[in-house]
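Chains as they are written, first to last, in this note's numbering: chain A, 28 to 653; chain B, 215 to 832. Where a beta carbon is used, it is the ideal one built from N, C-alpha and C, also for glycine. Keep in mind that this is a model prediction, so the values were computed, not measured.
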Amino acid sequence: MESDSSTPLFTAGQETATFLVSCGILSKAWEESCLANYSQSYTLNEYEGVAYVAFPSFHKIEGFIVQESKYGEGNIQADNKFFSGLLKGNDDQPALVHQGALKLFLYIMENTDFQAKMQIYTDSKQRKLKPIIFVGHSLGGAVATLATLWVLEKRLRQSSPFCITFGCPFVGDVRFHEAVACENWAGNFCHVVSQHDVVPRMLFAPFEYIAEPLTAILPHWQSLMVNGSKHEPDSFIQDACRTLLHNVLQYTGTVANYGLNSPTESEGVIKRSPYRPFGTYIFCSGEAAACIDNSDTVLKMLHWTLLSREEPYDNIIQDCFLEHIAYGSILKHIIEKSISERKSAKPDSESSYKMGLSLQLEAIGVGAQNDYAQIALQMAGYMECKQSTNVANLAIELSEKQCSMAELEWYKERCEKQDDITYYDSFKKHDRKDIDANLRRERLGRFWDDIIEMWENHELPSDFQSQNKWINAGTAYRRLVEPLDIAHYYHMSMGEGNYLSDGRSIRHKVLQKWMEEKEKTRSSRGQKARTKLASLTQDSCFWAHVEEALKDLENLKQQHQCSERLEMFEGYVTKMINDGNISADVFLETSSFMEWWNKWKEYKQNQFPDWSSPLYGIMENESWKR
Amino acid sequence: MGESVSVFSPSLLSDAWELSSSVYKSQYVNCSYVRSVIRSNLVVFAFRGSLIPNSATKYGEYQVKDGFLDGVKDGNNQRASVHQGALSQFEDIWSRSDFQKQVIEDHEKGNTIVFTGHSMGGGIAALATLRMLEKQRQPKSVFCITFGFPLIGDEILARGVRRKKWADQFCHVVLRRDVFSRILLAPSISVSKPLEVLLPYWNRSMQSRADSVGSTDIPMAEAPPGGIAEFVATVVQHCSAVSNYTSAAKMSPNNPLIAAVKPLVKLSPYRPFGYYLFCSSSGAILIENHYAVLPILYFSLQTLGANLEDFILQHVNYGYILPNSLQNIVKLSELSDLPLSDAGSVHQDSRITTQLDALGLGIQNCPARLALRAAGQVLKQQSENLSILEKEYPKKMETPMDKLEEYRLQCLRNDTGYFDAFKKKQRGNVDFQANLNRLELAGWWDEIIQNKFDKDELPDDFQCKKEWVTRGTHYRLLVEPLDIANYYRLGKNEDSGPYLTHGRPRRYKTLQKWLENYEEPLQSPSTKLIQDSCLWADVEELACSMQKNEYKDEKRIDLENRVRALTDSHGLCVEDLMTGESTFKTVVNWLWKQMTPVDQEASALRSIIYHPQQTPQI
């Protein structure tokens with residue numbers, strides 16, 4: 028039998044990277060990045076039906092050096108309207124990006140014909156669109172990242188943009204990473220990083236520690252890239268490199284060993300770098316390449332790959348300088364290796380998974396002996412495997428739960444057709460005939476509670492809450508069953524307490540939030556007005572509002588409060604009826620809602636004999652029937 | 215090794231090679247094929263072909279048109295693509311009446327026919343074989359043996375061959391370093407320049423060798439052209455791209471990066487079909503697992519420690535190497551447990567170890583071993599999934615199916631069709647139980663189709679297995695009417711549109727396609743059901759028109775056509791349609807009143823209205 032269903036059988040990091048290198052897309056992207064260095068803003072070339080948009084590596088260097096915050100981070104929406112408020116973390120706080128990268132991107136958006144040129148590739152009215160790949164090296168990679176995100180936010184159905192960067196510094200923080208993961212956009216970003224290239228690691232360090240050496244080295248790289256001159260870096264540059272590497276290394280180690288969110292971190296002692304990798308990283312060594320996409324693992328590998336060799340420090344200094352601009356020859360070398368044959372250490376395991384991990388570690392230059400790195404990869408693989416097993420099991424359970432849903436639908440139908448009572452009001456009585464429904468209600472509640480708990484423990488894929496299947500299932504559940512939860516609450520509390528503020532369970536709140544978030548991303552165009560009333564009231568809290576309104580009305584009669592909240596409730600109901608978002612059972616003679624309406628009408632008419640209101644018109648004419 | 219190669223015995227393979235190489239003789243320069251009766255009842259045709267440069271598409275691929283491979287399509291009815299150069303040469307030969315006549319005559323006499331060819335001749339042989347296979351119904355009597363065969367068909371063709379169980383009728387013999395057998399994995403343009411020199415060189419070599427057979431003076435071997443390093447590297451690089459792509463996709467099926475990159479790079483569309491015999495000078499390995507072929511084509515071509523000239527020479531050296539390698543054929547199966555280490559290799563058949571080493575697939579080539587294991591794992595998983603389904607079916611599905619059958623009969627006893635019973639507003643416990651059974655079955659079939667079948671997690675021929683086509687068809691015919699009833703009962707047609715265009719679940723579309731592609735007759739189920747599960751959808755749409763009083767001839771004709779097709783094929787169940795106050799009866803009566811007497815006379819509905827079991831309604 029299988030040893031453990033949560034251990035993957037294979038890992039494809041090495042195969043995926045070799046595919047990407049062999050198929051030529053990376054070499055082509057590098058070629059385009061290099062050409063962009065002769066441009067002032069960006070270049071656009073079509074090749075085999077794909078548009079390559081490239082940004083220069085070291086354009087407007089002075090714009091990249093920002094001093095406002097410790098690590099140069101700031102709100103992604105700062106000074107612009109190109110990014111939406113949906114780019115936020117799981118805690119609802121906005122994503123942060125490096126402000127230098129953002130400035131470079133905004134410069135191109137606002138001062139060039141870039142937006143106009145992108146029009147034909149992003150016109151949502153076209154039936155087909157040519158795919159775009161945004162590419163960039165170094166700082167240009169950061170710009171390409173933001174450009175890709177800008178197009179991704181257009182949510183084109185025809186195609187989605189792809190991004191390839193080389194030696195790109197960090198761009199976004201943990202919330203940026205979460206936003207990308209939640210939208211399932213991580214697969215659209217591919218970051219090529221050479222083993223010793225210092226730039227992808229430099230933002231581990233506070234900006235003040237890197238700004239000075241960086242200002243010295245960047246122009247030097249620029250002249251090497253553009254003029255192709257081969258002259259050795261002078262001692263001034265070498266010193267700058269030494270300082271840069273020294274300062275960066277001080278920080279990478281801490282992060283790799285403790286992680287960014289380690290509980291040992293105490294506020295105020297040292298504020299760690301806010302940046303987080305996202306998307307897939309292709310780590311390249313002299314031997315081969317491998318892909319890693321788990322953010323935490325990438326973070327650690329950025330440290331271990333840099334420090335793997337027992338070589339003189341001076342060599343590393345030289346490599347961290349040279350490799351940043353040598354991606355062309357690095358790719359070429361990896362292709363040559365895949366053509367001849369990779370030599371690997373003598374295999375000693377019969378597990379495909381373990382061997383795959385060893386190959387990956389060798390490919391990225393860490394070496395298979397590095398136990399920490401091996402464990403980090405294993406953890407990531409275990410997590411991913413567990414998540415997909417979980418979601419597959421939940422899918423099977425969900426289809427079994429359809430029977431409970433059908434039972435409750437039938438319960439609702441019987442209440443209405445046989446007993447002329449809404450299922451809400453019937454359930455509130457807790458009669459013998461409602462026992463079955465209560466069992467189903469509890470069973471479904473447990474099912475969704477478990478899902479929410481798994482999701483909060485990161486045991487489900489990060490895009491789980493934006494998958495249509497689960498949003499639709501959750502919404503259907505909430506609309507059918509929450510009224511019963513409300514009925515249960517008011518039955519048990521004997522009229523004391525407010526469901527909305529005290530009684531609503533987390534599962535309903537979370538499921539509603541998922542649905543609302545998703546609706547923000549859907550274009551409102553396709554939605555047509557309802558011709559009939561909805562079969563289920565769209566606001567699953569409707570009955571709680573009714574209960575509160577009944578209480579408010581009692582209080583009002585005893586002069587304990589003013590009628591403002593009741594007027595609001597009337598407005599809320601009117602709008603729901605007009606939009607067709609209420610279901611017809613609400614209007615059954617015996618329903619709690621009708622009880623409220625009759626009392627409210629009586630109260631109002633006592634006060635003002637010729638009282639009228641939009642709802643009055645609707646109810647008197649029964650025009651809700653349409 | 216008689217046990218490993220059943221039809222393709224070493225002696226047949228040698229005979230095929232002899233004939234394949236003989237077509238290069240100067241005396242045959244004007245013939246494109248040679249026929250030979252090897253033994254009684256065994257006729258071999260060998261072809262000569264050439265790689266025709268073609269720049270219309272990146273890899274020279276061409277989608278076949280009606281009349282060839284009609285039964286080979288994918289789920290979206292896309293037709294297969296094959297290499298255009300091979301196809302045009304084949305069609306040239308096929309359309310010459312003497313060839314076609316000869317083949318058909320030989321075949322009708324009950325001979326076993328083998329098509330063979332070297333190089334592009336192998337491509338023509340493969341197409342000729344496919345052509346005969348799609349015509350023949352009797353047990354396997356047409357076979358194909360190729361030498362140095364370049365892949366010429368795409369994924370759709372490869373899948374079609376597996377579904378139709380033709381794979382064991384093809385044997386592609388490939389030498390480890392024969393670069394030509396991988397050449398179509400590289401874009402035409404990337405190799406066109408060196409081929410201008412190489413193709414004539416290969417041709418000359420084959421010709422001089424063929425002409426010297428039987429004569430005592432062995433010709434001076436011509437040295438291969440220079441400057442081949444870059445050419446070889448190009449081909450290996452593209453092999454690497456295709457092989458690593460397929461391996462990565464198998465090892466990590468849901469990888470979003472691979473999915474995103476796929477449409478951006480145009481890889482070679484060609485995929486292997488049939489069995490492969492990979493040869494080195496010391497022996498040969500027979501591979502039946504098609505997933506393993508691409509990795510072997512790549513890893514065995516890697517250049518480390520090789521003499522570059524070998525890559526060119528091996529394409530014409532089959533005659534020298536085969537006699538040895540055919541002596542020692544081993545079959546490689548159980549790839550999922552292929553050893554990775556020395557310790558694991560202890561338990562392996564030493565002949566297999568030797569042969570893998572000879573092909574550069576030894577344990578030191580760890581990526582190769584992992585790719586082969588992944589190839590084995592896919593097939594293993596597929597058959598495990600199938601046996602799970604086989605076990606689950608009686609437990610989970612038979613009861614709800616039986617209950618729904620019973621529901622249908624019970625409804626009839628109560629003088630109503632089960633469609634109308636299910637649709638009615640006031641549902642009782644019985645209808646509700648039927649609804650639960652419907653949901654249970656829907657969940658199960660969705661799981662099979664969306665989570666297993668669509669993701670290639672079941673054997674390729676799953677959709678051609680008689681019991682599954684039968685089960686799927688029975689389910690569709692019995693239960694889809696209930697889905698239609700439910701759809702119109704809830705008024706979903708108002709929100710979304712007609713059932714057929716906007717509401718039909720994919721499980722039914724897929725199941726219907728399985729039946730349409732199934733070529734043999736199915737055993738009929740115990741109860742007679744309406745053989746068109748969508749009939750009710752048309753009826754419901756007409757019922758909607760009836761309510762709005764919008765009579766349209768076209769809609770009526772649509773229904774009549776459906777009914778006529780059913781009547782002609784005896785697929786109609788009148789009691790389901792006409793029992794009690796059925797929707798169908800109401801709709802037909804309404805239609806009848808709108809029709810002219812002429813229309814009525816010709817109408818397919820007539821036979822139902824005046825059905826012997828029914829009293830005329832009008």
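Check                                                                                                                                 : Outcome
Within chain B, the residues that A:Val77 reaches when beta carbons sit closer than 7 Å                                               : Leu478
Closest by C-alpha distance to B:Val802, when choosing among B:Met760, B:Leu412, B:Lys464                                             : B:Met760
Chain B within 9 Å of A:Glu292, Cβ atoms only                                                                                         : Annotation note: pLDDT 46 at A:Glu292 (below 50); position unreliable, no value reported.
4 or more residues per run - each alpha helix (DSSP H) lying fully within the stretch 559 to 619 of chain A                           : 569 to 584, 591 to 606
Same chain, Cβ closer than 8 Å to A:Asp490, neighbours up to 5 away in sequence not counted                                           : Ala208, Cys209, Glu210, Asn211
CB contact below 9 Å: B:Leu201 versus chain A                                                                                         : There is no way to answer for residue 201 of chain B, as the model of chain B reaches only from 215 to 832.
Residues that DSSP places opposite A:Asn102 in a beta bridge                                                                          : A:Leu123
Of the listed residues B:Gln298, B:Lys279, B:Gly299, nearest to B:Gln292 (C-alpha basis)                                              : B:Lys279
Paired residues, beta bridge with B:Gly367 - DSSP                                                                                     : B:Val296
Pairwise C-alpha distance: A:Phe310 and A:Ile237                                                                                      : 23 Å
Inter-stretch contact (C-beta, 8 Å, three-pair minimum) for the stretch 657 to 670 of chain B and the stretch 814 to 823 of chain B   : no
Where the alpha helix (DSSP H) through B:Glu795 begins and ends                                                                       : That residue, B:Glu795, is in no alpha helix (DSSP H); it is neither H nor E in DSSP.
Closest by C-alpha distance to B:Leu570, when choosing among B:Tyr607, B:Gly263, B:Phe633, B:Ser495                                   : B:Ser495
Per DSSP, the bridge partner or partners of B:Arg253                                                                                  : B:Leu256
Validate contact between the stretch 349 to 360 of chain B and the stretch 466 to 473 of chain B using beta carbons, cut 8 Å, 3 pairs : no
A:Ser493 (DSSP reduced to helix, strand or coil)                                                                                      : helix
Expected contact under 8 Å - CB spacing of B:Pro719 and A:Gln41 to nearest Å                                                          : B:Pro719 to A:Gln41, Cβ: 40 Å. No contact.
Min CB distance B:Asp320 to chain A below 9 Å                                                                                         : no
Simplified DSSP state of A:Ile191, which is helix, strand or coil                                                                     : strand
CB of A:Asn417 within 9 Å of CB of A:Glu486, strictly                                                                                 : yes
Strand pairing of A:Glu350, partner residues [DSSP]                                                                                   : Answer by DSSP bridge pairing: none, since A:Glu350 is not bridged.
4 or more residues per run - each alpha helix (DSSP H) lying fully within the stretch 353 to 413 of chain B                           : 369 to 377
Completely contained alpha helix (DSSP H) runs for the stretch 633 to 683 of chain B, where each covers 4 or more residues            : 643 to 660
The stretch 477 to 496 of chain B / the stretch 384 to 398 of chain B touching (three or more Cβ pairs under 8 Å)                     : yes
Contiguous alpha helix (DSSP H) assignments of at least 4 residues, all confined to the stretch 406 to 479 of chain A                 : 450 to 456
Distance CB(A:Ile159)-CB(A:Thr149) smaller than 9 Å                                                                                   : yes
Contact with chain A by B:Met420, beta-carbon distance below 9 Å                                                                      : no
Whole-angstrom distance between B:Pro364 and A:Gln405, CA atom to CA atom                                                             : 40 Å
For B:Phe313, the nearest candidate out of B:Ala260, B:Gly337, B:Ser333, B:Pro486 (CA to CA)                                          : B:Ala260
Nearest candidate by alpha-carbon position, reference A:Gln565, set A:Gly524, A:Lys545, A:Ser610                                      : A:Ser610
Whole beta strand (DSSP E) elements within the stretch 52 to 121 of chain A, 3-residue minimum                                        : 70 to 74, 77 to 82, 100 to 102
For B:Met809 and B:Leu623, the rounded distance between their alpha carbons                                                           : 33 Å
Interface residues of chain A facing B:Thr517 [CB-CB closer than 7 Å]                                                                 : Ile366, Ser367
Among B:Gln726, B:Gly299, B:Ser466, B:Gln241, the one whose alpha carbon lies nearest that of B:Ser426                                : B:Gln241
C-beta atoms of A:Leu642 and A:Thr617 nearer than 9 Å                                                                                 : no
Identity of the residues DSSP links to A:Ala243 by a beta bridge                                                                      : Its beta-bridge partners do not exist; DSSP assigns none.
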